[in-house]
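Novice:
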Amino acid sequence: MSEFLVIVESPAKAKTIERYLGKKYKVKASMGHVRDLPKSQMGVDVDHEFEPKYITIRGKGPVLKELKTAAKKAKKIYLAADPDREGEAIAWHLAHTLDVDIHSDCRVVFNEITKDAIKESFKHPRPINMDLVDAQQARRILDRLVGYNISPLFWKKVKKGLSAGRVQSVAVRLIIDRENEIKAFIPEEYWTIEGEFLKGATSFEADFFGLVNQRMELKSEDEVKSILAKMKGNQFEVTSVTKKERKRNPAVPFTTSSLQQEAARKLNFRAKKTMMLAQQLYEGINLGKEGTVGLITYMRTDSTRISEVAQAEANQYIESTYGANFLPEEKRKEKKGANTQDAHEAIRPTSTLRDPSSMKEFLSRDQLRLYKLIWERFVSSQMAPAVMDTMSVDLKNGEVIFRATGSKVKFPGFMKVYVEGTDDQTEDKNKMLPDLKEGDTVLKKDIEPKQHFTQPPPRYTEARLVKTLEELGIGRPSTFAPTLDTIQKRGYVTLDNKRFIPTELGEIVHELMVEFFPDILDVEFTAKMEQELDNVEEGKTKWVRIIDEFYRGFEKHLEKAEKEMEQVEIKDEPAGEDCEQCGNEMVYKMGRYGKFMACSNFPDCRNTKAIVKDIGVKCPNCKTGNIIERKSKKRRIFYGCDTFPECEFISWDKPLPRNCPKCESLLIEKKLKKGVQVQCISCDYKEEPQS
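Everything in the sequence shown is counted per UniProt numbering, starting at 1 for the first residue and increasing by one.
Written out as structure tokens, the structure is:
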């Protein structure tokens with residue numbers, strides 16, 4: 001008989017931990033939560049201090065029966081759910097179900113699933129932290145009060161299946177606000193003058209800066225002509241040379257938010273996929289003779305803190321692999337953000353010695369890519385700064401000044417391992433310049449004026465939206481991925497070219513929320529609520545008081561909405577064609593994955609069709625069909641012939657309505673990491689990449 005029963009959340013974790021603890025311990029999995037609020041009703045008694053009504057989750061009966069049987073045989077029970085608010089709440093529910101004293105030393109937490117970390121954590125069990133439980137309970141009740149009051153109202157007034165959550169409503173608001181900014185944007189004309197110059201046989205680039213002692217922005221073609229008229233001849237004098245040494249510090253280790261952002265930039269992963277893979281790496285991977293080992297620390301964190309043990313191991317690895325000069329001269333100070341809970345460490349590898357190349361045979365392709373990202377980010381964060389030599393040169397012709405800037409890496413430091421990605425698609429023109437000194441003369445090779453127009457702010461990508469939510473203090477690490485997933489599933493937004501666009505349904509729901517529930521959409525109000533939940537976690541505030549203050553205002557808004565919200569009719573838009581089955585008009589309808597065509601004679605006729613987008617290109621295969629835009633089962637856009645299945649031509653790259661000038665074959669638009677490139681499907685013809 002096992003003396004001790006340990007309960008974790010997942011079976012994968014259970015196997016690993018049982019092996020570390022030995023024969024006296026039996027480790028079982030609860031498979032997540034065992035109790036929750038009922039789905040069929042509110043489950044919150046608003047008249048009696050918002051007391052929640054918890055029930056056993058449907059389907060968890062056999063799991064609970066197994067846990068109760070094992071609990072009766074055990075001398076002591078340890079609850080080892082994840083080290084966060086939700087994990088604490090799961091432990092509390094388990095304690096209630098299995099009659100475990102919450103004040104006893106029954107709770108065990110660990111930040112990584114490794115032998116040393118597990119054994120150390122069992123030396124320091126503690127009681128269940130009711131402040132953490134109350135913070136999670138308050139969030140759950142808040143979300144239930146909002147969702148289970150507003151959603152039925154929307155079902156009645158707008159359409160069945162709608163929902164309105166606290167954080168998701170703010171996320172949709174940000175997307176709609178950005179879309180409105182884009183629509184209202186008025187582009188402004190501006191010009192640049194780009195020059196190519198020669199020092200001996202070496203060419204370099206410089207841009208118009210201004211006139212002597214005066215920086216100047218060019219707003220019109222007339223101003224450009226005026227500047228060009230001031231230049232005489234091809235010679236430019238070097239009037240100023242500024243050389244500096246600049247240090248560039250590495251990025252800090254990953255938090256949940258920064259991991260989701262960087263995985264989107266560098267690996268093209270959605271937030272949901274990133275968290276799924278991170279969970280697998282955290283819970284443990286079978287490493288052959290070494291057994292199952294957790295490869296990364298807990299992946300839901302807002303801290304960049306690193307343990308001294310991990311730091312020391314990283315330092316040893318860096319020194320032995322790259323040399324002592326790649327270690328920083330002094331320990332880098334961690335900056336803690338205003339909204340940071342700092343419950344546990346940053347996301348890092350559990351051992352620096354397990355470098356990505358040694359893990360290749362044990363991981364799937366995507367697991368390896370994410371692990372490599374986490375490993376490189378962590379190792380680089382513990383390395384010395386990069387040292388850059390920078391140079392700025394002013395070139396003068398009469399009154400006109402051109403300026404060239406350049407840099408080169410003097411010492412790579414952390415850049416030897418990793419460089420953080422960016423959301424910007426701009427080309428880096430900051431190249432090294434030839435050796436120039438004041439008084440030198442350079443020759444103009446080419447001067448090219450270029451007209452530009454200011455661009456509207458970009459639509460949100462998943463990475464940008466996560467970053468914005470975090471900066472505004474909306475939600476917490478565990479909420480970002482589910483929030484993005486929910487607003488897409490509800491049909492409030494769609495992703496086009498990896499950027500969020502609000503749907504007609506999303507805008508209708510948003511307008512109603514603005515009119516009747518402005519507090520829920522208020523960014524400051526929602527951020528303040530997150531801070532209040534943090535105060536509950538820290539034992540500064542009672543959760544009932546927070547809920548009560550919120551509900552008093554919310555209840556008034558709800559009463560007003562019940563009385564004044566008018567019925568919203570989402571009219572079906574005519575599709576401009578008739579149903580081939582019954583002859584009635586086809587209309588556009590909104591579904592889970594966006595718009596589709598359906599017969600207006602529904603339910604008598606259930607004919608539906610996908611919306612076909614003709615891109616104006618003849619099929620190169622059959623020569624008679626037209627190429628149309630289609631979507632795969634995973635919602636990925638591809639291009640195929642409209643005569644399918646007679647013609648099976650498909651392309652993941654967008655065909656263009658012009659032929660290759662070299663061989664007359666089809667040209668396609670190939671997506672690159674930064675921008676697109678037009679190329680031929682038959683020959684080696686390629687055009688310059690466009691950002």
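Cβ coordinates follow ideal geometry from the N, Cα and C atoms, glycine included.
Per the DSSP calculation, F453 is bridged to which residue(s)?
Specialist: Answer is E189.
Novice: My assumption, with CB atoms under 8 Å, is that E262 sits in contact with E420. Please give the rounded CB distance.
Specialist: Yes, E262 and E420 are in contact; Cβ-Cβ is about 7 Å, under 8 Å.
Novice: With H, G and I counted as helix, E and B as strand and the rest as coil, what does DSSP make of residue 717?
Specialist: Here the chain has residues from 1 to 691 only, and residue 717 is not among them.
Novice: In chain order, which continuous runs of the alpha helix (DSSP H) of length 4 or greater are located wholly inside the UniProt domain "Toprim" (3-121)?
Specialist: Taking only runs of at least 4 residues, the alpha helix (DSSP H) segments lying wholly in the UniProt domain "Toprim" (3-121) are 11-21, 61-73, 85-98, 115-121.
Novice: So, does the stretch 542-552 touch the stretch 205-219, judging by three or more C-beta pairs under 8 Å?
Specialist: No: the two stretches stay apart, fewer than three of their Cβ pairs being nearer than 8 Å.
Novice: For S407, name the three-state secondary structure that DSSP assigns.
Specialist: Correct three-state label for S407: strand.
Novice: Per DSSP, what kind of secondary structure is residue 698 in: helix, strand or coil?
Specialist: A question about residue 698 goes unanswered here, because the residues of the chain that appear run from 1 up to 691.
Novice: Please state the DSSP three-state secondary structure of E646.
Specialist: E646: coil per DSSP, three-state reduction.
Novice: Which first and last residues belong to the alpha helix (DSSP H) in which P620 is found?
Specialist: Segment: none, P620 is in no alpha helix (DSSP H) and carries neither H nor E.
Novice: Using the DSSP secondary-structure output, state which residues sit across from residue 692 in a beta bridge.
Specialist: In the structure as shown, the chain begins at 1 and stops at 691. Residue 692 is therefore absent and cannot be evaluated.
Novice: Quick check on I681: does DSSP put it in helix, strand or coil?
Specialist: Reduced to three states, the DSSP call for I681 is coil.
Novice: For the alpha helix (DSSP H) containing M513, list its first residue and its last residue.
Specialist: Start and end: 504-516.
Novice: Beta carbon of A310, beta carbon of T352: below 9 Å?
Specialist: Cβ atoms of A310 and T352: closer than 9 Å.
Novice: With P127 and I102 assumed to form a contact (beta carbons below 8 Å), what rounded beta-carbon distance in angstroms separates them?
Specialist: Confirmed, about 6 Å.
Novice: Within its chain, find whatever has a CB closer than 8 Å to the CB of Q341; leave out the 5 residues flanking it on each side and keep chain order.
Specialist: Any reading at Q341 must be qualified, since the residue scores a pLDDT of 49, below 50, and its modelled position is unreliable; no value is offered.
Novice: Exposed or buried, what is Q280 when buried is set at 16 or more other beta-carbons lying within 10 Å of its beta-carbon?
Specialist: Result: buried.
Novice: List the DSSP bridge partners of C641.
Specialist: According to DSSP, C641 bridges with I627.
Novice: Going by C-alpha to C-alpha distance, which of Y371, L436, T350, G398 sits closest to S392?
Specialist: If we check each option's Cα against that of S392, L436 comes out closest.
Novice: Which first and last residues belong to the alpha helix (DSSP H) in which D534 is found?
Specialist: Where D534 is concerned, the enclosing alpha helix (DSSP H) stretches over 523-537.
Novice: DSSP state of A384, grouped into three classes?
Specialist: The answer is coil: DSSP assigns A384 none of H, G, I, E or B.
Novice: Helix, strand or coil: which one does DSSP assign to E427?
Specialist: Residue confidence is low: E427 scores 46 on pLDDT, short of 50, so the model does not pin down where it sits. Its coordinate-derived value is still stated next. Coil.
Novice: Hey, could you find the ends of the beta strand (DSSP E) A206 is sitting in?
Specialist: It spans 202-211 - the beta strand (DSSP E) in which A206 sits, taken as one unbroken run.
Novice: Can you tell me whether S651 is helix, strand or coil according to DSSP?
Specialist: Here S651 sits in strand by DSSP.
Novice: Could you spell out where the alpha helix (DSSP H) holding G553 opens and where it closes?
Specialist: Its alpha helix (DSSP H) spans residues 543-564.
Novice: Which ranges would you report for the alpha helix (DSSP H) in the stretch 283-357 if only whole runs of at least 4 residues count?
Specialist: Complete alpha helix (DSSP H) runs here, min 4: 308-322.
Novice: For the candidate residues K595, D84, E573, D548, whose alpha-carbon lies nearest to that of D47?
Specialist: Among K595, D84, E573, D548, the Cα nearest to that of D47 is on D548.
Novice: Applying the 10 Å Cβ sphere with the 16-neighbour rule, what's the burial state of V493?
Specialist: The residue in question, V493, is buried, as its Cβ has 16 or more Cβ neighbours within 10 Å.
Novice: What three-state label does DSSP hand D446 in the structure shown?
Specialist: Three-state DSSP puts D446 in a strand.
Novice: Could you have a look at R215 and say whether DSSP puts it in helix, strand or coil?
Specialist: Note: R215 maps to strand in three-state DSSP.
Novice: Which class does P412 belong to by DSSP, given the choice of helix, strand or coil?
Specialist: In this structure, P412 counts as coil in the three-state DSSP scheme.
Novice: What are the boundary residues of the beta strand (DSSP E) that includes F666?
Specialist: Note that residue 666 is Leu in the sequence shown here, rather than Phe. Note, L666: beta strand (DSSP E), 666-671.
Novice: Whose C-alpha, out of A271, I401, R144, is nearest the C-alpha of I227?
Specialist: With distances taken between Cα atoms, I227 lies closest to I401.
Novice: What residue range does the alpha helix (DSSP H) around P482 cover?
Specialist: P482 -> alpha helix (DSSP H) spans 480-489.
Novice: For the alpha helix (DSSP H) that E223 lies in, which residues bound it at each end?
Specialist: Start and end: 221-230.
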